[in-house]
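Number of protein chains: 2
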Amino acid sequence: MSRPIGVAMLGCGTVGREVLRLLTDQSEELAARVGAAVRLVGVAVRRPRRHPEVPAELLTTDAAELINRDDVDVVIEVIGGIEPARPLLLAALRAGRGVVTANKALLAECGPELYAAADAAGADLYFEAAVAGAIPLLRPLRESLAGDRITRVTGIVNGTTNFILSAMDSSGAGYAETLEEASALGYAEADPTADVDGYDAASKAAILASLAFHTRVTSADVYREGIAEVSAADILAARQLGRTVKLLAICERVVDASGTESVSARVYPAMIPRSHPLATVAGAYNAVFVEADAAGALMFYGQGAGGAPTASAVLGDLVAVARNRVAGGYGPRESAHADLPIQPMGDTPTAYHVSLEVLDRPGVLAQVAQVFADHEVSIMAVRQTGRTPDHVPACGAGANLVIVTHCAPDAALRSTVDKLAGLDAVRDVVSVMRVEGEVT
Amino acid sequence: MSRPIGVAMLGCGTVGREVLRLLTDQSEELAARVGAAVRLVGVAVRRPRRHPEVPAELLTTDAAELINRDDVDVVIEVIGGIEPARPLLLAALRAGRGVVTANKALLAECGPELYAAADAAGADLYFEAAVAGAIPLLRPLRESLAGDRITRVTGIVNGTTNFILSAMDSSGAGYAETLEEASALGYAEADPTADVDGYDAASKAAILASLAFHTRVTSADVYREGIAEVSAADILAARQLGRTVKLLAICERVVDASGTESVSARVYPAMIPRSHPLATVAGAYNAVFVEADAAGALMFYGQGAGGAPTASAVLGDLVAVARNRVAGGYGPRESAHADLPIQPMGDTPTAYHVSLEVLDRPGVLAQVAQVFADHEVSIMAVRQTGRTPDHVPACGAGANLVIVTHCAPDAALRSTVDKLAGLDAVRDVVSVMRVEGEVT
Chain A
1 MSRPIGVAML GCGTVGREVL RLLTDQSEEL AARVGAAVRL VGVAVRRPRR HPEVPAELLT
61 TDAAELINRD DVDVVIEVIG GIEPARPLLL AALRAGRGVV TANKALLAEC GPELYAAADA
121 AGADLYFEAA VAGAIPLLRP LRESLAGDRI TRVTGIVNGT TNFILSAMDS SGAGYAETLE
181 EASALGYAEA DPTADVDGYD AASKAAILAS LAFHTRVTSA DVYREGIAEV SAADILAARQ
241 LGRTVKLLAI CERVVDASGT ESVSARVYPA MIPRSHPLAT VAGAYNAVFV EADAAGALMF
301 YGQGAGGAPT ASAVLGDLVA VARNRVAGGY GPRESAHADL PIQPMGDTPT AYHVSLEVLD
361 RPGVLAQVAQ VFADHEVSIM AVRQTGRTPD HVPACGAGAN LVIVTHCAPD AALRSTVDKL
421 AGLDAVRDVV SVMRVEGEVT
Chain B
441 MSRPIGVAML GCGTVGREVL RLLTDQSEEL AARVGAAVRL VGVAVRRPRR HPEVPAELLT
501 TDAAELINRD DVDVVIEVIG GIEPARPLLL AALRAGRGVV TANKALLAEC GPELYAAADA
561 AGADLYFEAA VAGAIPLLRP LRESLAGDRI TRVTGIVNGT TNFILSAMDS SGAGYAETLE
621 EASALGYAEA DPTADVDGYD AASKAAILAS LAFHTRVTSA DVYREGIAEV SAADILAARQ
681 LGRTVKLLAI CERVVDASGT ESVSARVYPA MIPRSHPLAT VAGAYNAVFV EADAAGALMF
741 YGQGAGGAPT ASAVLGDLVA VARNRVAGGY GPRESAHADL PIQPMGDTPT AYHVSLEVLD
801 RPGVLAQVAQ VFADHEVSIM AVRQTGRTPD HVPACGAGAN LVIVTHCAPD AALRSTVDKL
861 AGLDAVRDVV SVMRVEGEVT
């Protein structure tokens, strides 16, 4: 056995308390797996009196001092947010400490700075818990698929929005009502903005795209739409087409006609076929679907949040970092060797579902189809139905027209929809949503 | 950049050819990820003239000589089977070479010997491709969940049997007919014994149990039943209960009343609820459901076999081993520190579904229930239906009795079924199958 590995923890909230519990309960197991005792030597918190669960002699308010203590080998950060986590972790890395963090916002915004500090110091920076909680995902992406070529990562990576969309799909209720219910059940925060507007999913998309494509992608590079505009009509339209609506984080390697590669990272609600493995991921669960050249389709499923699942991922990273220190080395570095450009959303190929309330008269379909043709958007399927009882027009007969397109640049699709909305023959644009998960 | 990493490959069949292709296509990527060029220096095959795809100067028939060459750092073994893979890999490990293998039979039978040789020499032994093909599973089990406590691993790990059971479920056809169809479509081997009798799944269960519970489990320790006895009646009975039949590899940490832990590793067809994440895994796909104390439920899904998916896993391991050599170290060792005893199948708690054709007269249910009580087996649910048109008895009226039990020692359940079969009131035991995937 080597000398003990000293661990400092910054923060002690829901995840921190579970880390504490596992460090205690699993101490023998951890020692056996690491090849050395793993010893918690300090916990930095703002208000020590609020932490009776931590032995008093371990508590400190001075995180910067704790990091620099000689007996600290690894720093676990579970504070969250950008400040003061950022300067603390930079200091820890510069001091040669191994770092384990669950901080997705920090990694998505300041990842390149942190990776560079870790590289310069030869220190480990592990963050499995930052994406999809307990699901072992980053390690497989970065290590198991290291000899393969990942082409696409499609994830349900936010539990709150998945809970809301699953509930809307089951009940047929609208967004506002379902959000209220989710809040009451504790599935949505008092301020749900980060979740429902897609910021949380965009952070995770940035991290996933960086790892999958060896390119520095930050949250600012990720195109983002939330679920606040998803209506009961959208959910119903999806159902009628054998699809369901999910908030997806999509990271894609895009190759243009000239063979130039770029990376598309985007978050938006989309219709996916009910037969797709992601369609059955319900409630607050997360899942990530990965496509690679040789491996084919893979899916990783599990709990994306919660104290215990996140702590499990933190401990897995702690074991890896501690093992590396016992061996006197460090793990695989983050890599940005591909350094691909980010594709603007307007250029990204997507497919749309458009449901229109139109006048029920000859020539309307031709007129609508012409708008698609003018924008060089190819139509995959059209379904036209007569009078829709729910939408009896004030004057004249109405019909419903559902169009699903082939892939086209997103900007062309958006212009098409804008143009359609202005047609006299179109009474209402009932639902517009992107379609994912099948070859178009 | 360090000096190049030299790779020797033993065997060049379906998987080997894909490894060859990836090594060539991905050479720049591999070098970037490893931090050194990865160079194939030799391929050992039995009949060099049958391998026009391999550059002639790399081919050799002398595998033992190739392994010992000075320019070989890593040995990839894709021969399969026990001999001559076993002595070759032992020689490679003893010579300090890193070893990457896809050989599940060898690992399941001779794992302890190989792990010990790797330990003694300080050499890497990686085998992600041996279980569930391309699905990154072993690395997450061994590394990501290293700080958690795995309680159960339930896998669909054999594509042939899953294809057959999925087809029987869709078509209602019998086993023999469906096996024939699977053979015709190339989903079953000419001699399907290893698959349909559960030997292949048992090998994988041994490897999974070893990793999950830090205990040496070999294929001889795994209880095994195949799918040859699964009838159309079993599939129908499952369907009527909202269940489906899957061949499961189950590895479980069992704690008895006195708190003593042991490991149960077993393979058999079982009914699982259609709502279980494993139920939707259809055709030749594989999936493994993992339960851990802190992480909760996780599932890993993907292609379990095939040249390209398996090669993807081999390459991921190759990158890890090559990186370790560039860093001058080696990866986490196999660990048997828990060294738990193996629980005999008779003592293992399981639950049964039993469907009986009984005489339709008063008192039969009481008589049947008494048999369960005599064996201390608790009944969870009973469903009794009147005359079943498909089974009109030759004389007297018949009824169908379906019983699902709570968990009880498997031996008690088997004795119960034997006793039931001998009752005068029981005309026929229509279906007996274990039930998994729910709390009983």
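In order, the protein sequences belong to chains A and B.
For the first sequence, counting from 1, position 250 maps to 250 in our numbering; every step adds exactly one.
Our numbering runs 440 ahead of the 1-based position in the second sequence.
Note that CB positions come from ideal geometry on N, CA and C, so glycine has one too.
Look at T633 (chain B) here: in three-state DSSP terms it is helix. Within the DSSP bridge table, the entry for C407 (chain A) names no partner.
Approximately 13 Å separates the beta-carbon atoms of G475 (chain B) and V761 (chain B); this is outside 8 Å, ruling out the contact.
DSSP places C691 (chain B) in the uninterrupted beta strand (DSSP E) bounded by 683-695. Contact between V875 (chain B) and A710 (chain B) is confirmed by a C-beta separation of about 6 Å, below the 8 Å threshold. Per DSSP, reduced to three states, the secondary structure at I507 (chain B) is helical. Annotation: A851 (chain B) to V597 (chain B) spans about 26 Å, alpha carbon to alpha carbon. For the stretch 575-586 of chain B, the set of residues with a beta-carbon nearer than 8 Å to any beta-carbon of chain A comprises I575, P576, R579, P580, E583, S584, L585, A586, in chain order.
For the pair E65 (chain A) and E583 (chain B), the Cα-to-Cα distance works out to about 31 Å.
For the set A:A249, A:A206, A:Y223, A:R224, the Cα lying nearest the Cα of R216 (chain A) is the one of A:A206.
In this structure the stretch 479-497 of chain B touches the stretch 442-453 of chain B; the number of beta carbon pairs closer than 8 Å is three or more.
Distance between T541 (chain B) and A751 (chain B), taken at the CA atoms: about 10 Å. Counting only unbroken stretches of 3 or more residues, no beta strand (DSSP E) element lies wholly within the stretch 643-673 of chain B. For N400 (chain A), the secondary structure class from DSSP, reduced to helix, strand or coil, is strand. Secondary structure note for R39 (chain A): its beta strand (DSSP E) is the uninterrupted segment 38-44. Cβ-Cβ distances below 6 Å link A737 (chain B) to E731 in the same chain, with the five nearest sequence neighbours on each side left out; the list follows chain order. Secondary structure at T601 (chain B): helix, using DSSP grouped into helix, strand and coil. In this structure T633 (chain B) is not in contact with E549 (chain B), their Cβ atoms being roughly 16 Å apart against a cut-off of 8 Å. Beta-bridge analysis with DSSP links A381 (chain A) to A:V404. Three or more beta-carbon pairs separated by less than 8 Å link the stretch 417-426 of chain A to the stretch 362-381 of chain A, which places the two stretches in contact. Annotation: Cβ neighbours of E18 (chain A) in chain B (cutoff 9 Å, chain order): A734. Nearest Cα to R683 (chain B) within the set B:V798, B:E878, B:G744, B:I522: B:E878.
When B:V459, B:D588, B:G756, B:E468 are compared, the shortest CA-CA separation from P444 (chain B) is found for B:E468. In the structure shown, E517 (chain B) falls within a strand segment according to DSSP collapsed to helix, strand and coil. A distance below 6 Å between beta-carbons, with the five flanking residues on each side excluded, links A734 (chain B) to the following residues of its chain, in chain order: D588.
For A697 (chain B), same chain residues with a beta-carbon under 7 Å away, outside a window of 5 residues either side, do not exist. In the three-state reduction of the DSSP assignment, I782 (chain B) falls in the strand class, which pools E and B.
Counting the other Cβ atoms within 10 Å of the Cβ of T161 (chain A) gives 16 or more, which makes it buried. Within chain B, the residues T720, Y741 have their CB atoms less than 8 Å from the CB of P277 (chain A), given in chain order. In the DSSP secondary-structure assignment, T154 (chain A) is bridged to A:I250, A:F289.
Counting along the chain, no alpha helix (DSSP H) covers Y352 (chain A); the unbroken beta strand (DSSP E) around it starts and ends at 349-359. Among the bridge pairs identified by DSSP, A8 (chain A) is matched with A:G42, A:V75.
Rounded to the nearest angstrom, the Cβ distance from G133 (chain A) to A313 (chain A) is 6 Å, consistent with a contact under 8 Å. In this structure, V354 (chain A) lies away from R33 (chain A), with their beta-carbon atoms at least 8 Å apart. At a Cβ-Cβ threshold of 8 Å, V417 (chain A) and V429 (chain A) count as neighbours. In this structure, L463 (chain B) and L480 (chain B) form a Cβ contact; the two beta carbons are roughly 6 Å apart against a cut-off of 8 Å.
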